[in-house]
Amino acid sequence: MKRRIALLGSTGSMGTQALQVIDQFPNLFEIELLSAHSNADLLIQQALNYKPNVVVIIDDNHYLKVKNALSKEDCKVFAGMQSLVDCMEMNSIDMMLSCIVGIAGLKPVYAAIENEIPIALANKETLVVAGELMMQKVKENNVPIIPVDSEHSAIFQCLMGEQGNFVEKIILTASGGPFRGKTTTELENVTLAQALNHPNWSMGNKITIDSATLMNKGLEVIEAKWLFNMDIDKIEVIVHPQSIIHSLVQFTDGSMKAQLGLPDMKLPIQYALTFPQRLKNDFPRFSFTDYPFFSFEKPDIQAFPCLSLAYNALKEGGNKPCVLNAANEVTVVQFLNGKIKFTDIPKIIEKALYTIPFSKPQTIEEYLEVDRETREKVNFCSFI
């Protein structure tokens, strides 16, 4: 039987690539649910193409447009985040692929875990914000989570067959983004267009800016801690500009395993959807003759302090990773809208981390309250 997929965030960069992967295997997968935040036009087009049982538009201002466009289809149309959460109780979902950007993925992913739905996770913020709570529920319900981020997918793949072998450390690779090698002074006047011009990866605006600030790598460090139950001092970041080695694992005997491939998110998406099988596809292949030289360097935490801020937030624990994520999401939007400079992003995040009092949230609602409080202060207070 075909595996029925709930694809959350279907209109974004990751979501559209996921559909390209699914197109490769029409006999293996079918779309049970599609959700999008506000891109009603593309969501309608996808629904007409893939004939899902359920479509959810989060922004209810677009509900009537989507509902009317799909009125002749055998498809249920809902609106709002709570509707998406409620849909996780459907017994017709075999796997959820979460491609939602930001903290918006928190509640539906938690609901999927509660309802014992296997998860392919591209939404790193879910574990950044509430990793301890999420992984506790994963353990209680014995729910498999397969990471889709290229770095975490690489680590996951390197750990296959190594059960019982001690891991000394994991190494997350970073491209260095479009500003690798620049000084703090040189970063003062970079433009939005320059920040969105990633040298290797094709991604959405938010994650592209996160890559430029190295916050994306910081968020990945926090996600890796929870996914792989690693101590923070065993998670290392190294800059690898070619983006071919996606991450590495070092074992107790000193040997290392790495996963290599072209910088194409469709590869980890396919691995998560078809695990434990590796199925043939027509994606471009890597050739060593095209990349005869690999280089590595330490990240410059003076010019890109967001990485250090993420490590510090993880060390402090409690609500601090949630504060970090919320402040980052707000400042990225502010930068995208031309309200702040690129170099203001880490300054505002650092101020938020020291301004919001420490707490230890115990529920999803408490994490969401920390997120709300942080966004309110960053949006309406002068943090620079």
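When we follow the numbering used here, the leftmost residue of the sequence shown carries the number 6, and every step to the right adds one. Virtual Cβ for every residue (Gly too), placed ideally from N, Cα, C.
For Phe309, the number of other beta carbons within 10 angstroms of its own is at least 16, and it is reported as buried. For the 7 Å CB-CB criterion, Ile274 and Ala23 form a contact. The continuous alpha helix (DSSP H) containing Gln141 extends over residues 130-146. In this structure, the alpha-carbon of Glu35 lies about 22 Å from that of Ile63. The criterion of a C-beta distance shorter than 7 Å is satisfied by Asp376 and Ile108.
Between the region 128-145 and the region 26-41, the count of C-beta pairs closer than 8 Å stays below three; the two stretches do not touch. Sixteen is the threshold: when 16 or more other Cβ atoms of the shown chains lie within 10 Å of the Cβ of Glu37, as they do, the residue is buried. As DSSP reads the structure, Phe34 sits in a beta bridge with Arg8. Residue range 172-179 is occupied by the beta strand (DSSP E) that includes Thr178. In this structure, Leu314 places its C-beta atom within 7 Å of the C-beta atom of Ile354.
In the DSSP assignment, Glu241 is bridged to Ile176. In the three-state reduction of the DSSP assignment, Lys262 falls in the strand class. By the Cβ criterion, the region 320-334 is not in contact with the region 289-298, since fewer than three pairs of Cβ atoms, one from each stretch, lie closer than 8 Å.
Membership of Ala84 in the beta strand (DSSP E) is indicated by the continuous run 81-84.
Boundaries of the beta strand (DSSP E) around Phe256: 250-256. Secondary-structure assignment with DSSP links Ser103 through a beta bridge to Leu13, Leu126. When Arg290, Met165, Ile243 are compared, the shortest CA-CA separation from Leu265 is found for Arg290. The C-beta of Asp238 has fewer than 16 other C-beta atoms within 10 Å across all chains shown, which makes the residue exposed. Apart from the 5 residues on each side of it in sequence, Phe299 sits with its Cβ closer than 8 Å to the Cβ of His245, Gln247, Ile249, Ile250 in its chain, given in chain order.
Remark: fewer than three beta-carbon pairs, one from each stretch, lie closer than 8 Å, so the region 187-195 and the region 101-121 are not flagged as touching. Beyond the five residues adjoining it in sequence on each side, Met139 comes within less than 8 Å, by CB distance, of Val114, Tyr115, Ile118, Thr131, Leu132, Trp231 in the same chain, given in chain order. For Asn146, same chain residues with a beta-carbon under 8 Å away, outside a window of 5 residues either side, are Ile118, Glu119, Glu121 in chain order. Rounded to whole angstroms, the gap between the alpha carbons of Lys7 and Pro281 is 16 Å.
As the crow flies, the alpha-carbon of Asn96 is around 13 Å from that of Val90. Following the DSSP letters along the chain, one finds Pro326 inside the alpha helix (DSSP H) bounded by residues 325-341.
DSSP lists Val244 as the beta-bridge partner residues of Glu302. The residues Val244, in chain order, have a CB closer than 7 Å to that of Glu302 in the same chain once the five nearest residues on each side in sequence are set aside. Distance from the Cα of Gly322 is smallest, within the candidate group Gln367, Asn202, Asp287, Leu126, for Gln367. A direct Cα-Cα distance of roughly 43 Å separates Phe161 from Lys77.
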